[in-house]
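Below is one structure, written out as C-alpha cells; the observations come after it.
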Amino acid sequence: MIIYSPAYLKHHLGGHPENKYRLEAIIELLMKKNLKFVEPVKASEEDILRVHSLQHYLKSLEHFSKFRALEIYL
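If you're matching positions, the sequence shown starts at 245 in the working numbering and goes up one per residue.
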C-alpha cells in the first residue's frame with residue numbers, strides 16, 4: 245500500500261534532487277506494479293501521541309513555529 249496525494253508534488257526544494265519530477269517518475273513506476281494507492285488523512289492529536297511523546301510533540305511545534313511557511317504532510 246502506498247500513501248500518496250498529488251499535493252506531494254507541491255513540495256519544492258529549489259535545485260535539490262528531491263523534486264516533483266523525481267516523485268512523478270517513482271509514482272509512475274509504482275503504479276505499474278499494481279500497488280494499492282491510498283489518499284492520506286489528517287492525523288489527530290491522538291494519532292500523533294501514539295508514536296511521539298507529548299514532550300517531543302510540543303518541542304516540534306515550538307521549533308517549526310519559527311519558520312514563516314511550513315508544509316507538513318501527515
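The beta-carbon is built from N, C-alpha and C at its ideal position, and this holds for glycine as well.
- So who's on the other strand from F281, going by DSSP bridges? Looking at the DSSP assignment, F281 forms a beta bridge with I246.
- Message: Quick check on L318: buried or exposed, where buried means 16 or more other Cβ atoms within 10 Å of its Cβ?
- Response: Low local confidence applies: a pLDDT of 47 at L318 is under 50, so the model's placement there is unreliable, with the coordinate-based value given in what follows. That one is exposed.
- Task: Return helix, strand or coil for L257, following the three-state DSSP convention.
- Result: Correct three-state label for L257: coil.
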